Every structure is written in C-alpha cells, then in structure tokens.
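*Asks:* Right, I'll just put the structure down here and ask away after.
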Amino acid sequence: MISHLNSAIRHRIEQATSADSTMCWTCSSCDSECPVEIATNRLRPQRIVRLANLGLFEELIASPEIWYCLTCRRCNRVCPNSVKPETLVRYARTAAVRCGVVSYDAARSYYDLFRRFQRVRWHAVHHCLHRESQPINDARWHSWLNTPIPDSTAGISSQNLFRGNQPFRHEAKGADMSSCFTCGECSSACPVAGERSAFDPRFIFRMVNLGLAEELLRSPSIWLCVQCGRCTEACPQLVDGCRMIASLRELAVREGKVDEGFPLRVRDAQKQIYQRLIDEIDKLLGLQPGRENLPACPIPIAECV
Ligand code: SF4
Ligand code: SF4
Ligand code: SF4
Ligand code: SF4
Numbered sequence: 001m002i003s004h005l006n007s008a009i010r011h012r013i014e015q016a017t018s019a020d021s022t023m024c025w026t027c028s029s030c031d032s033e034c035p036v037e038i039a040t041n042r043l044r045p046q047r048i049v050r051l052a053n054l055g056l057f058e059e060l061i062a063s064p065e066i067w068y069c070l071t072c073r074r075c076n077r078v079c080p081n082s083v084k085p086e087t088l089v090r091y092a093r094t095a096a097v098r099c100g101v102v103s104y105d106a107a108r109s110y111y112d113l114f115r116r117f118q119r120v121r122w123h124a125v126h127h128c129l130h131r132e133s134q135p136i137n138d139a140r141w142h143s144w145l146n147t148p149i150p151d152s153t154a155g156i157s158s159q160n161l162f163r164g165n166q167p168f169r170h171e172a173k174g175a176d177m178s179s180c181f182t183c184g185e186c187s188s189a190c191p192v193a194g195e196r197s198a199f200d201p202r203f204i205f206r207m208v209n210l211g212l213a214e215e216l217l218r219s220p221s222i223w224l225c226v227q228c229g230r231c232t233e234a235c236p237q238l239v240d241g242c243r244m245i246a247s248l249r250e251l252a253v254r255e256g257k258v259d260e261g262f263p264l265r266v267r268d269a270q271k272q273i274y275q276r277l278i279d280e281i282d283k284l285l286g287l288q289p290g291r292e293n294l295p296a297c298p299i300p301i302a303e304c305v
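For the sequence shown, our numbering gives the first residue as 1, with consecutive numbering after it.
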C-alpha cells in the first residue's frame, strides 16, 4: 500500500518530470521495446516508472538501472499512455549526482565510457561484416574501447560520387533527404552519436545526398542506429533520418552487401557487448539495488525531491 508520504513524493516527482507515471498500467510494452532489455534482460523501464509511482525516490536514484539506459526514448514512444520512462531516467541521474549517490567524477567517467562504447559497437559490427564471430573477451573489449575508428572518407574521390542506383535514390527521396541543410540537429539529438567517427547521422545523411551508396551500404555505422526516431523528431526540415537508415540496412541485405548469417552474428555480438557494458558500469559506479548506496543526508526527502 502506498503511504501518505510516498503519495506526496510521487506527486513531487510527477511535478518535477511531467512523466505521467501515474498513467502506467504495467503493460510492459516499454520493456519489450527497450534495446538494452532486449539484449541483456537487465533494464526494465517499467520498473523505473513503478519506483516513481510508488514515490520511492531513494530507491529510484540509487538504482543501477538508470545508468544502463541509452536515453533513446523508444520506451516513451511505444507507451500507449504517453508515460515517459526516459524522462524519469534523466531526472533520477541528475538527482543521484546531486545527492552524492554517484560522484561527479564517476558520472564523468561514465559518460566517457558510454562514448567509447560506441567504438566497441562499431568494431563488433565491423568484425561481423567480415564473418567473424569469436567471443568478445577481455582483451578484445579493451582493445576496441581504446581503438579510434578509421576515417571513413579515406580513399573517396569525386569518381565515387552520385553512384546510388535507382532503389537507393528512391529511398532517399522517400525520406526527403534533399531537404537536409546539414544543420546537425539530428546528431545532437541522437543518443548514440557520442563518438562521431563511429556514428554521426548528419554525416550519413550527407553521404546519402552525395550518392555514396556503396560506401554506406558496406559501412558498419548504419548498424549502430537504434532506430529511436529522435533525429527525425529533431529535424527542422522534416527529413526522416530514422527511416533512411532503416532503408540503408534493408538495401544492404537485399543487395547482398552483408551475408545471410550477418544479422545473427550482430545480435549475438550486441548481447555480449551490452552485457559487458553493464558489468563495466556496475564496476565503475559500484551501485547495489536498494538503499545501500545512499549517503546519510540531513535533508528530509520531501524537501529535496
Ligand atoms: S509502456 Fe507505458 S503503460 Fe506500459 S508499462 Fe511501460 S510505462 Fe507503463
Ligand atoms: S530510453 Fe531507451 S534504453 Fe532507456 S529505458 Fe527507454 S527504451 Fe530503454
Ligand atoms: S537535422 Fe535535418 S536538416 Fe539538420 S542535418 Fe539532420 S537531417 Fe539535415
Ligand atoms: S534513429 Fe536517428 S537518433 Fe535514433 S539512433 Fe538512429 S540516427 Fe540516432
């Protein structure tokens, strides 16, 4: 049963976030949509909503799960009741740092780890494209984490330009790519564009407009997109970047740029590297579920939520 105090805190959390947590009817659609949950079974956005709904502020900000999230907002988009788990995640992270559950230094290291994790994802896909499927062990993880991505424009000359075939041009037209004026709003909104050499939607869209079809369809980068749609929402020119990247993947499969076993290898690699990321986050932040992480605080919770 929710106590009076918890109800008050729930109300305060809702006031601070406008996440509409009370509208949650526990359908689990957000869990099924979450890419981290799909890969690892370790992040349930529904649980984050539940903590907020019960007014369990301390448990919420001490939860390791809030740091596993990519902030992709797929949970927000899929929710039939417009609940916004990702908004709660961002709120809880800020509160966790403010309350000393996670130090500033640890938070900074976390964001650096998350940025370099995009390198790992790129290298993993690159290996899958070359039909490698060895387990991602310690040595590999650290090597990929510390190895910058090679320049993808090396070797491109004017002869490579405007080579996109009819299906490529058709998809570009469908996504309204020619309206792009390279403002970069999509890259700023993209949750996985922290390491631009690994993945940068604006760069991909520029390549589309330059007709660099072959280079794009063979690029590991197009497989790093988590299909969250944030680039599309952010674009002032109504370019549908999310759709364009989905189309590039379909074309890569249809035109035989990737082999039949590639999707399965990528799925296996994703599972391994997301699991590893979570283990690294646990090591870095040292959080345990529950209240054990909470520093002693003289301020009553109701005054600081
Ligand atoms: S999708 Fe929405 S209603 Fe369903 S469990 Fe998630 S937050 Fe609750
Ligand atoms: S924002 Fe993305 S990663 Fe985070 S909980 Fe929602 S779906 Fe999962
Ligand atoms: S936000 Fe839109 S216009 Fe700006 S770079 Fe991205 S796709 Fe182009
Ligand atoms: S859909 Fe857009 S914002 Fe989302 S991951 Fe892909 S490129 Fe980034």
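Every residue gets a Cβ at the ideal spot worked out from N, C-alpha and C, and that includes glycine. Keep in mind that this is a model prediction, so the values were computed, not measured.
Please confirm if the stretch 29-48 is in contact with the stretch 248-266, defined as three or more CB-CB distances below 8 Å between the two stretches.
*Replies:* In short, these stretches do not touch, since the Cβ pair count stays below three.
*Asks:* Would you kindly check if the distance between the Cβ of Leu224 and the Cβ of Asn251 is under 7 Å?
*Replies:* Residue identity differs from the one stated: residue 251 is Leu in this sequence, not Asn. No, the pair does not count as a contact, with Cβ atoms beyond the cut-off.
*Asks:* Kindly give me the distance between the Cβ atoms of Val318 and Leu70, rounded to whole angstroms, as I take these residues to be in contact under 8 Å.
*Replies:* Look at the range of the chain in this structure, 1 to 305, and you will see that residue 318 is not part of it.
*Asks:* Three Cβ pairs or more, each shorter than 8 Å: is that satisfied between the stretch 92-101 and the stretch 239-255?
*Replies:* Judged by Cβ distances under 8 Å, the stretch 92-101 makes no contact with the stretch 239-255, as fewer than three pairs qualify.
*Asks:* So, with DSSP's three-state summary, where would you put Gly241?
*Replies:* Correct three-state label for Gly241: helix.
*Asks:* Whole angstroms are fine: how far does the CA of Asp31 sit from the CA of Ile48?
*Replies:* Cα to Cα, the separation comes out at about 11 Å.
*Asks:* When the Cα of His126 is compared with those of Pro148, Tyr110, Tyr111, which residue comes out closest?
*Replies:* If we check each option's Cα against that of His126, Pro148 comes out closest.
*Asks:* Give the straight-line distance between the Cα atoms of Ile2 and Glu65, rounded to the nearest whole angstrom.
*Replies:* Model confidence at Ile2 stands at a pLDDT of 46, short of 50, so the residue's coordinates are unreliable; what they give is reported in the following sentence. The alpha-carbon atoms of Ile2 and Glu65 are separated by roughly 23 Å.
*Asks:* Just the C-alpha distance for Gln270 and Ile278, rounded to the nearest angstrom, thanks.
*Replies:* When rounded, the distance between both Cα atoms is 12 Å.
*Asks:* Closest by CA to Met244, which one among Gln272, Asp282, Phe203?
*Replies:* Among Gln272, Asp282, Phe203, the Cα nearest to that of Met244 belongs to Phe203.
*Asks:* For ligand 4, which residues have a Cβ under 7 Å from at least one heavy atom, in chain order?
*Replies:* Chain-ordered list of matching residues: Cys72, Cys186, Ala189, Cys190, Pro191, Val192, Ala193, Pro201, Cys225, Val226, Gln227, Cys228, Gly229, Arg230, Cys231, Thr232, Gly241, Cys242, Ile245.
*Asks:* Which of the three DSSP states is assigned to Tyr68 in this structure?
*Replies:* The answer is coil: DSSP assigns Tyr68 none of H, G, I, E or B.
*Asks:* Kindly examine ligand 2 and report whether one of its heavy atoms sits closer than 6 Å to the Cβ of Pro64.
*Replies:* Incorrect: Pro64 has no Cβ contact closer than 6 Å to ligand 2.
*Asks:* Assign His123 to buried or exposed, taking buried as 16 or more other Cβ atoms, counted over all protein chains shown, within 10 Å of its Cβ.
*Replies:* Buried: at least 16 other Cβ atoms inside 10 Å.
*Asks:* Using the C-alpha atoms, what's the distance from Phe181 back to Asn53?
*Replies:* Straight-line Cα distance between these residues: approximately 42 Å.
*Asks:* Label Tyr111 either buried or exposed according to how many other C-beta atoms from any shown protein chain fall within 10 Å of its C-beta, with 16 as the threshold for buried.
*Replies:* Per the 10 Å Cβ criterion, exposed.
*Asks:* Could you check if Glu132 is buried or exposed, using at least 16 other CB atoms within 10 Å of its CB as the buried criterion?
*Replies:* Exposed, since its Cβ has fewer than 16 Cβ neighbours within 10 Å.
*Asks:* Where does Asp200 land, buried or exposed, given buried means 16+ other C-beta within 10 angstroms?
*Replies:* Label assigned to Asp200: buried.
*Asks:* Does Thr147 come out as helix, strand or coil in the three-state DSSP assignment?
*Replies:* Looking at Thr147 - three-state DSSP - the assignment turns out to be coil, as it is neither helix nor strand.
*Asks:* Can you give me the C-alpha to C-alpha distance between Thr232 and Ser82, rounded to a whole angstrom?
*Replies:* About 19 Å.
*Asks:* Which value, in whole angstroms, describes the spacing of the CA atoms of Leu161 and His130?
*Replies:* When rounded, the distance between both Cα atoms is 25 Å.
*Asks:* Going by beta carbon distance, what residues of the same chain come within less than 8 Å of Glu14, once the five residues before and after it are set aside?
*Replies:* Result list for Glu14: Asp20, Ser21, Thr22, Ala52, in chain order.
*Asks:* Which first and last residues belong to the alpha helix (DSSP H) in which Lys283 is found?
*Replies:* From DSSP, the alpha helix (DSSP H) with Lys283 extends over 262-285.
*Asks:* Here's a check: name, in chain order, each residue in its chain whose Cβ is nearer than 7 Å to the Cβ of Arg73, leaving out the five neighbours to either side.
*Replies:* Answer for Arg73: Glu86, Cys228, Arg230, listed in chain order.
*Asks:* Going by Cα to Cα distance, which pick from Asp282, Ile273, Val305 is closest to His142?
*Replies:* Comparing Cα-Cα distances from His142 to each of Asp282, Ile273, Val305, the minimum goes to Ile273.
*Asks:* Buried or exposed, going by whether 16 or more other CB atoms sit within 10 Å of the CB of Cys183?
*Replies:* It is exposed - the Cβ of Cys183 has fewer than 16 other Cβ atoms within 10 Å.
*Asks:* Considering Cα atoms alone, identify which of Gln118, Cys99, Ala39 is closest to Ala198.
*Replies:* Out of Gln118, Cys99, Ala39, Gln118 has the C-alpha closest to the C-alpha of Ala198.
*Asks:* Whole angstroms are fine: how far does the CA of Thr153 sit from the CA of Gly211?
*Replies:* Their Cα atoms are separated by approximately 13 Å.
*Asks:* Please name the residue, chosen from Ser28, Asn76, Ser103, that lies closest to Leu287 on a Cα-to-Cα basis.
*Replies:* The option with the nearest alpha carbon to Leu287 is Ser103.
*Asks:* At a cut-off of 6 Å, is Asn76 close to ligand 1 when judged by its beta-carbon and the heavy atoms of the ligand?
*Replies:* No, Cβ of Asn76 sits at least 6 Å from all heavy atoms of ligand 1.
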